[in-house]
Amino acid sequence: MTAKPFYVTTAISYPNGAPHIGHAYEMIATDAIARWKRLEGREVYFLTGTDEHGIKMVQTAAAQGLTPRELADRNSAEFRRLAEVLEISNDDFIRTTEQRHHESSQAIWKKMEASNNGDIFQSTYKGWYSVRDEAYFDEDELTEKDGKKFAPSGAEVTWVEEPTYFFRLSAYQQKLLDLYESNPDFIAPKERRNEIISFVKSGLQDLSISRTTFDWGIPVPGAPGHVMYVWVDALTNYITGVGFPDEASELFKKFWPADLHVIGKDIIRFHTVYWPAFLMSAGIEVQHRVFAHGFLTVDGQKMSKSLGNVIDPFYLVDEFGADAVRYFFLREVSFGNDGDYSNEKLVNRVNADLANNLGNLAQRSLSMINKNCDAKVPQPGPLTEADQALIAEVTDALDAAQKAMDEQLVHEATGAIIAALSSANNYFAGQEPWALKKTDPERMATVLYVTADTVRRLAIPMLAFVPASASRLLDQLAVPEDQRSLAAALNANSLLTNTPLPLPQGVFARLERKAE
Ligand code: ME8
Numbered sequence: 001m002t003a004k005p006f007y008v009t010t011a012i013s014y015p016n017g018a019p020h021i022g023h024a025y026e027m028i029a030t031d032a033i034a035r036w037k038r039l040e041g042r043e044v045y046f047l048t049g050t051d052e053h054g055i056k057m058v059q060t061a062a063a064q065g066l067t068p069r070e071l072a073d074r075n076s077a078e079f080r081r082l083a084e085v086l087e088i089s090n091d092d093f094i095r096t097t098e099q100r101h102h103e104s105s106q107a108i109w110k111k112m113e114a115s116n117n118g119d120i121f122q123s124t125y126k127g128w129y130s131v132r133d134e135a136y137f138d139e140d141e142l143t144e145k146d147g148k149k150f151a152p153s154g155a156e157v158t159w160v161e162e163p164t165y166f167f168r169l170s171a172y173q174q175k176l177l178d179l180y181e182s183n184p185d186f187i188a189p190k191e192r193r194n195e196i197i198s199f200v201k202s203g204l205q206d207l208s209i210s211r212t213t214f215d216w217g218i219p220v221p222g223a224p225g226h227v228m229y230v231w232v233d234a235l236t237n238y239i240t241g242v243g244f245p246d247e248a249s250e251l252f253k254k255f256w257p258a259d260l261h262v263i264g265k266d267i268i269r270f271h272t273v274y275w276p277a278f279l280m281s282a283g284i285e286v287q288h289r290v291f292a293h294g295f296l297t298v299d300g301q302k303m304s305k306s307l308g309n310v311i312d313p314f315y316l317v318d319e320f321g322a323d324a325v326r327y328f329f330l331r332e333v334s335f336g337n338d339g340d341y342s343n344e345k346l347v348n349r350v351n352a353d354l355a356n357n358l359g360n361l362a363q364r365s366l367s368m369i370n371k372n373c374d375a376k377v378p379q380p381g382p383l384t385e386a387d388q389a390l391i392a393e394v395t396d397a398l399d400a401a402q403k404a405m406d407e408q409l410v411h412e413a414t415g416a417i418i419a420a421l422s423s424a425n426n427y428f429a430g431q432e433p434w435a436l437k438k439t440d441p442e443r444m445a446t447v448l449y450v451t452a453d454t455v456r457r458l459a460i461p462m463l464a465f466v467p468a469s470a471s472r473l474l475d476q477l478a479v480p481e482d483q484r485s486l487a488a489a490l491n492a493n494s495l496l497t498n499t500p501l502p503l504p505q506g507v508f509a510r511l512e513r514k515a516e
């Protein structure tokens, strides 16, 4: 493969509890992007994993009578299992407690320490800390209620005072602004970029990057009693995953800098301010792009344990199947904005687009071919204007989907494919191949050919979104593995005449609403 390699990551999740649908959503969206790039013919490396250090893990474990290690082992396994049941095509799953990651984090620390600016220095941190966010806050960012102080996320903050190491973030203000200026695509969506630029313009304070009041973390090299602030080690996972500190390794040379970090909107500062500053300090190339997706709510409400509305993604997959769950989130939520899950919306969306639209077209055309064309791809005659119009529309839809995916607008890409499928259904209904059977069997063969080839051309991009069903659909059209690329989809009328086809079977079952 000669095309440029593509390295994409999700955030690594805290395994302080079981995964919820927000975590599932991020995996699904990133997987769609990774699979799309593979369909483009690019060599993709896709990393996900768990972020296992920090005070939040210590406190949650203690409350459950576990060690942090036991808690991490238990829940990390659940995140890994989630990736499996959702058919996530990650190439690696990193745990920050792994030896390779300890080595990598200590190596980047040393590089930052050795930087010309003297970027790491010792002092005393005095200020507010939110355990739930694993983040420091300035007094003016907090709100007060009943004598308690709260971070913007709503999490209570505590006062901490301890001797720690600091990172000279203040020295990176102009360098970061220059980075955003010369790389207009560095932060997406655009509104997020503006927010970050004004945050950085308002001034950056040095960042406390070690802790001394607990020991569940990566030891700071040469500083007994200090463990790294969890975000220093967490962000470093992205380079550990491609072989850092071995910068000469094949993996690192091929895939770093990362093409895309996909994260949620709550952690954008860490990824677009701290992370590039750490990398610049360490003399490592900065990632190309960060895309911040929105947050999911359930039936219009924020998910929370106290409301009891946290949705278990394993339950959704058991009830509806991985492809239905994947499709719902990819199509329903406009990527970058907040989105809402409800049982009703999922069932309606999947039935309308997958069962009625794509499924129906495939089933109707393939069963006619089976009965009337000797179960072989029919031989088309001359193409009419209606045939040409549909073929052109499918090409336009594929182009539109590609443009959308170039900017990670997954909902627009799926929308373009589904709109073309609606047109194909109208074409099929308008041409009435069942009536042509008696009056003009040659024309019937042409209509069936054009329809089947359209299903092929639109099922290929669907491999990124609903991989198992789209692949079964392509099996029914006897499309060989090496013809399942976006280039092959753009190539109209390439379904091979006379190829024997298997007995068609419905690929998309209609869903029923479940009792809540
Ligand atoms: O933030 N809807 O871990 P995390 C959509 N360990 N996305 C959501 C969500 C929701 N309701 N809730 C969380 C962390 N997310 C750190 C990341 S990366 C070096 C370290 C997203 O388990 C969240 O925005 O709290 C983040 O991208 C991911 O899930 C993991 O969240």
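Those letters in the sequence shown? Residues 1 to 516, by our numbering. Think of the CB as a built atom: it goes at the ideal place given N, C-alpha and C, for glycine as much as any other residue.
1. To the nearest angstrom, how far is the alpha carbon of Ala401 from that of Met462?
2. For the region 334-353 and the region 295-302, state whether three or more C-beta atom pairs, one from each stretch, are separated by less than 8 Å.
3. Who pairs with Thr50 in a beta bridge, going by DSSP?
4. Compare the Cα-Cα distances from Val455 to each of Glu393, Thr439, Gln408 and report the closest residue.
5. Suppose contacts are defined by Cβ-Cβ distances below 8 Å. Is Leu501 in contact with Asn372 by that definition?
6. Below 8 Å, can you find three or more Cβ-Cβ pairs linking the region 105-117 to the region 343-353?
7. If we ignore side chains and look at the alpha-carbon of each, how far apart do Val160 and Tyr129 end up?
8. Threshold first: 3 residues or longer. Then list the beta strand (DSSP E) segments lying entirely within the region 102-131, N to C.
9. Relative to ligand 1, is the shortest distance from any of its heavy atoms to the C-beta of Met303 smaller than 7 Å?
10. Give, in chain order, every unbroken run of the beta strand (DSSP E) that is at least 3 residues long and sits entirely within the region 234-314.
11. So, do the region 312-332 and the region 126-145 have three or more beta carbon pairs nearer to each other than 8 Å?
12. Taking only heavy atoms of ligand 1 into account, decide whether any of them is closer than 7 Å to the Cβ of Glu26.
13. With respect to 7 Å, is the separation between the Cβ of Ile12 and the closest non-hydrogen atom of ligand 1 below this value?
14. Looking at Asn348 and ligand 1, is the gap between the Cβ and the nearest heavy atom below 7 Å?
15. What do you reckon, are the CB atoms on Lys254 and Ala292 nearer than 8 Å?
16. Is it the case that the Cβ atoms of Arg472 and Leu86 are separated by a distance below 8 Å?
17. Could you tell me the distance, in whole angstroms, from the CA atom of Ser485 to the CA atom of Pro378?
18. Does the pairing of the region 192-203 with the region 60-67 give three or more beta-carbon distances under 8 Å?
19. On the criterion of 16 or more Cβ atoms from any shown chain inside 10 Å, does Gln301 qualify as buried, or is it exposed?
20. Can you name, in chain order, every residue of its own chain whose Cβ lies under 7 Å from the Cβ of Ser422, other than the five neighbours on each side?
21. For Glu73, does the three-state DSSP call read helix, strand or coil?
22. List the whole-angstrom C-beta distance separating Val230 from Gly54, where the pair is believed to meet the contact cut-off of C-beta under 8 Å.
23. How many angstroms separate the CA atom of Ile88 from the CA atom of Gly321?
24. With a 10 Å radius around its C-beta and 16 neighbouring C-beta atoms as the bar for buried, classify Asn498 as buried or exposed.
25. Rounding to the nearest angstrom, what Cα-Cα distance links Tyr7 and Ile263 in this structure?
26. List the DSSP bridge partners of Leu228.
27. So for Phe150, helix, strand or coil by DSSP?
28. What does the Cβ neighbour count give for Ser208, buried or exposed, with the cut at 16 atoms within 10 Å?
29. Check whether the region 94-103 touches the region 236-256, counting contact only when three or more Cβ pairs, one atom from each stretch, lie closer than 8 Å.
30. Do Thr48 and Thr96 have their C-beta atoms closer together than 8 Å?
31. With respect to 7 Å, is the separation between the Cβ of Leu86 and the closest non-hydrogen atom of ligand 2 below this value?
32. For Val455, which three-state DSSP category applies?
33. Can you tell me which of Asp259, Ser105, Val232, Ser494 puts its alpha carbon nearest to the alpha carbon of Lys37?
34. Could you name the residues of the same chain whose beta carbon sits closer than 6 Å to that of Gln431, not counting the 5 residues immediately before and after it, in chain order?
35. According to the neighbour-count rule (16 or more other Cβ atoms, all chains shown, within 10 Å of its Cβ), is Thr164 buried or exposed?
36. Where Pro380 and Asp387 are concerned, what is the direct C-alpha to C-alpha distance, given to the nearest angstrom?
Based on what the coordinates show:
1. Start at 1 with the first residue of the sequence shown, and residue 401 comes out as number 401. Start at 1 with the first residue of the sequence shown, and residue 462 comes out as number 462. About 11 Å.
2. yes
3. Position 50 of the sequence shown, counting from 1, holds the residue named residue 50. BP columns for Thr50 point to Ser13, Arg95.
4. The residue labelled residue 455 in the question sits at position 455 within the sequence shown. With distances taken between Cα atoms, Val455 lies closest to Glu393.
5. Within the sequence shown, residue 501 is the residue found at index 501, counting from 1. Within the sequence shown, residue 372 is the residue found at index 372, counting from 1. Result no, Cβ atoms of Leu501 and Asn372 do not sit closer than 8 Å.
6. no
7. Within the sequence shown, the letter at position 160 stands for residue 160. Within the sequence shown, the letter at position 129 stands for residue 129. Their Cα atoms are separated by approximately 7 Å.
8. 120-130
9. As a working mapping, residue 303 is identified with position 303 in the sequence shown. Yes, the Cβ of Met303 comes within 7 Å of a heavy atom of ligand 1.
10. 260-264, 290-293, 296-298
11. no
12. Position 26 of the sequence shown, counting from 1, holds the residue named residue 26. Yes, since a heavy atom of ligand 1 falls inside the 7 Å radius drawn around the Cβ of Glu26.
13. Position 12 of the sequence shown holds residue 12. Yes, Cβ of Ile12 sits closer than 7 Å to a heavy atom of ligand 1.
14. By one-based count along the sequence shown, residue 348 stands at place 348. No, the Cβ of Asn348 stays beyond 7 Å of every heavy atom of ligand 1.
15. The sequence position of residue 254 within the sequence shown is 254, counting from 1. The sequence position of residue 292 within the sequence shown is 292, counting from 1. Cβ distance not < 8 Å, so Lys254 and Ala292 don't count as in contact.
16. Indexing the sequence shown from 1 puts residue 472 at position 472. Indexing the sequence shown from 1 puts residue 86 at position 86. Not in contact: Arg472 and Leu86 (Cβ atoms no closer than 8 Å).
17. Walking along the sequence shown from the start, residue 485 turns up at place 485. Walking along the sequence shown from the start, residue 378 turns up at place 378. If you take the alpha carbons of Ser485 and Pro378, they lie about 23 Å apart.
18. no
19. As a first step, residue 301 must be located in the sequence shown, where it is residue number 301. So Gln301 ends up on the exposed side.
20. Translated into the one-based positions of the sequence shown, residue 422 becomes position 422. Around Ser422: Asn357.
21. Translated into the one-based positions of the sequence shown, residue 73 becomes position 73. Contrary to the premise, residue 73 reads as Asp rather than Glu in this sequence. Three-state DSSP puts Asp73 in a helix.
22. Working through the sequence shown from its first residue, we reach residue 230 at position 230. Working through the sequence shown from its first residue, we reach residue 54 at position 54. Confirmed, about 3 Å.
23. Numbered from its first residue, the sequence shown carries residue 88 at position 88. Numbered from its first residue, the sequence shown carries residue 321 at position 321. So the alpha carbons of these two residues sit roughly 14 Å apart.
24. For the purposes of this step, residue 498 is taken as residue 498 along the sequence shown, with counting starting at 1. Exposed, since its Cβ has fewer than 16 Cβ neighbours within 10 Å.
25. For the purposes of this step, residue 7 is taken as residue 7 along the sequence shown, with counting starting at 1. For the purposes of this step, residue 263 is taken as residue 263 along the sequence shown, with counting starting at 1. Looking at the two C-alpha atoms, the distance is approximately 14 Å.
26. Working through the sequence shown from its first residue, we reach residue 228 at position 228. Residue identity check: residue 228 is Met in the sequence provided, not Leu. For Met228, which the question treats as bridged, DSSP gives the partners Ser210.
27. As a position in the sequence shown, residue 150 is number 150, starting the count at 1. If DSSP states are grouped into helix, strand and coil, Phe150 belongs with the strands.
28. Position 208 of the sequence shown holds residue 208. With 16 or more Cβ atoms within 10 Å of its Cβ, Ser208 is classed as buried.
29. yes
30. To locate residue 48, count along the sequence shown from 1; it is residue 48. To locate residue 96, count along the sequence shown from 1; it is residue 96. Taking 8 Å as the Cβ cut-off, Thr48 and Thr96 do not qualify as a contacting pair.
31. Looking for ligand 2 in the displayed structure turns up nothing; the ligands present are ligand 1.
32. Against the sequence shown, residue 455 aligns to sequence position 455. Looking at Val455 - three-state DSSP - the assignment turns out to be helix.
33. Reading the sequence shown from its first residue, position 37 is the one you call residue 37. Here the closest residue by C-alpha is Asp259.
34. Against the sequence shown, residue 431 aligns to sequence position 431. So the list reads Val447, once near-sequence residues are dropped.
35. The residue labelled residue 164 in the question sits at position 164 within the sequence shown. Label assigned to Thr164: buried.
36. Residue 380 sits at position 380 when you count from the first residue of the sequence shown. Residue 387 sits at position 387 when you count from the first residue of the sequence shown. C-alpha separation (whole angstroms): 11 Å.
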